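For reference, each letter of the sequence shown is one residue, going 0 to 274 in numbering that gives the first Met the number 0. Scroll down for the structure; my scribbles are underneath it.
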Amino acid sequence: MYKDELSIFIPNSFLSESKDLKIRTYKVGILGRALAIFQADNVVIYNDDHVKNEEGEIDGEFIAEILSYMNTPQYLRKQAFPIKPELKHVGILPPLRTPHHPVNSQPDVGDYRQGFTVKRNKKGTFVDIGMDKLAFCKEQLSVKRIFDFKITKIAKKEVIVTPDKPDDVYWGYNVISSNKSLKNSLKLIKPNLVIETTRYGDYIDSIFDELKPKVDESKSIAILFGGPYSSIQEDVSNPNWDLVKLNTIPNQGTETVRTEEAVVATLSLFNFMRF
């Protein structure tokens, strides 16, 4: 686990060049895997002015839904995500294989699980945690939602869980669909270090010695990515955070770098600096 919080910002124009539903699903799948591999805490879908507002909202919702689907354990997906046309190709998505996606269907006492709240009574809430019977939580929780739980008792007649999550393993990412400008979306996270990725920024090797201490000292890092049409145009400078404009792929061999490619390349470098 890392000591800082890492947030990734993706524009809702990310899919604007792809109209085929299968390809769109696949591209978001690449993002989801990268977020999990490099242990991102948050992914924020912001509004990009380069797409029509209505189209951008629809694409932003699609990106957020696919990322949320990937982050949800397989045993909860049928309940959490009703069948709809937009999810037609989710079968091609690669599994995350993170600690909150357990392979073992029979957990032990002390294990953590994500659970879907099914119903509740005066005594508490019944929760689906992927076992052959519903678990019970002695707290009144909102139904039809996913929460984190710790298993405190397993018996023939009942399984008892309490709301809790581990703090020593990576437990997936949060998806935030802000539909706001990039600068206003940043305010939702309140980072103290903002990395704006752009081919017009400083080469990472030229400022590495200056950047590494900033990464070490930061408690909340935000990494910003542009869309398929251009680099980030909005001025996101703010006295509340340190802004660094960075080229993480110097001397690129292709005319353009796709957003999902930039995400993988950039997070791999920051993984090295954060480790």
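Beta carbons are placed, not taken as given, at the ideal position from N, Cα and C, and that holds for glycine. For clarity, every value in this text was computed on a predicted model and none was experimentally measured.
| query | Quick one: Cα of Asp208 to Cα of Leu192, how far? | reply | A direct Cα-Cα distance of roughly 16 Å separates Asp208 from Leu192.
| said: Could you tell me which whole beta strand (DSSP E) segments of length 3 or greater appear in the region 33-103? | reply: Taken in chain order, the complete beta strand (DSSP E) segments of 3 residues or longer contained in the region 33-103 are 41-45.
| How is Val174 classed by DSSP in three states: helix, strand or coil? | DSSP, read as helix, strand or coil, puts Val174 in strand.
| query | Terminal residues of the continuous alpha helix (DSSP H) containing Asp201? | reply | It is not in any alpha helix (DSSP H) - Asp201 instead sits in the beta strand (DSSP E) that spans 192-202.
| task | Just tell me which of Asp48, Gly31, Leu75, Phe37 has its CA closest to the CA of Ala63. | result | Ranked by Cα distance from Ala63, the options Asp48, Gly31, Leu75, Phe37 are led by Gly31.
| request: Would you grab the beta carbon distance between Pro168 and Leu66 for me? Rounded to a whole angstrom, and I think it's under 8 Å. | output: First, the amino acid is wrong: residue 168 is Val here, not Pro. A Cβ-Cβ separation of about 20 Å leaves Val168 out of contact with Leu66 under the 8 Å criterion.
| said: With the cut-off set at 7 Å, would you say Asn11 and Asp47 are in Cβ contact? | reply: Yes, they are a contact pair.
| task | Please report the Cβ distance between Glu233 and Lys182, rounded to the nearest whole angstrom; I am assuming they are in contact, meaning their Cβ atoms lie under 8 Å. | result | Contact between Glu233 and Lys182 holds, since their C-beta atoms are separated by about 6 Å, short of 8 Å.
| message | As an exercise, report each continuous beta strand (DSSP E) stretch of at least 3 residues that is fully enclosed by the region 98-176, in chain order. | response | Look at the region 98-176 and you find these whole runs of beta strand (DSSP E), each 3 residues long or longer: 111-119, 124-127, 134-136, 145-153, 158-162, 173-176.
| query | Going along the chain, which residues of its own chain have a beta-carbon closer than 8 Å to the beta-carbon of Ser177, five neighbours each way excluded? | reply | The answer, listed in chain order, is Val43, Ile44, Tyr45, Asn46, Asn183, Ser184, Leu187.
| query | Applying the criterion that 16 or more other CB atoms from any shown protein chain within 10 Å of the CB defines a buried residue, is Asn103 buried or exposed? | reply | Result: exposed.
| field | Rounded distance between the beta-carbons of Thr97 and Ala35, thought under 8 Å | value | That belief holds up - the Cβ atoms of Ala35 and Thr97 are roughly 5 Å apart, short of 8 Å.
| query | Run through DSSP, which three-state label would Ser219 get? | reply | Strand at Ser219.
| request: Mind the definition here: the region 151-158 touches the region 78-87 only if three or more C-beta pairs lie below 8 Å; say whether that holds. | output: In short, these stretches do not touch, since the Cβ pair count stays below three.
| field | Integer Cβ distance of Phe148 from Pro165, believed to fall under 8 Å | value | So it is not a contact: roughly 11 Å between Cβ atoms.
| said: For the region 204-222 against the region 261-269, do three or more pairs of beta-carbon atoms, one drawn from each stretch, fall closer than 8 Å, so that the two count as touching? | reply: Yes, they touch.
| So, helix, strand or coil for Lys244, using DSSP? | Per DSSP, reduced to three states, the secondary structure at Lys244 is strand.
| Rounded to a whole number of angstroms, what is the C-alpha to C-alpha distance between Pro101 and Lys132? | Taking the straight line from one Cα to the other gives about 17 Å.
| message | Could you tell me the alpha carbon to alpha carbon distance between Pro227 and Asp127, rounded to whole angstroms? | response | Roughly 40 Å separates the two Cα atoms.
| request: Give the straight-line distance between the Cα atoms of Thr255 and Ser229, rounded to the nearest whole angstrom. | output: If you take the alpha carbons of Thr255 and Ser229, they lie about 9 Å apart.
| task | Would you give the residue range spanned by the alpha helix (DSSP H) that Leu5 belongs to? | result | Following the DSSP letters along the chain, one finds Leu5 in no alpha helix (DSSP H) but inside the beta strand (DSSP E) bounded by residues 4-10.
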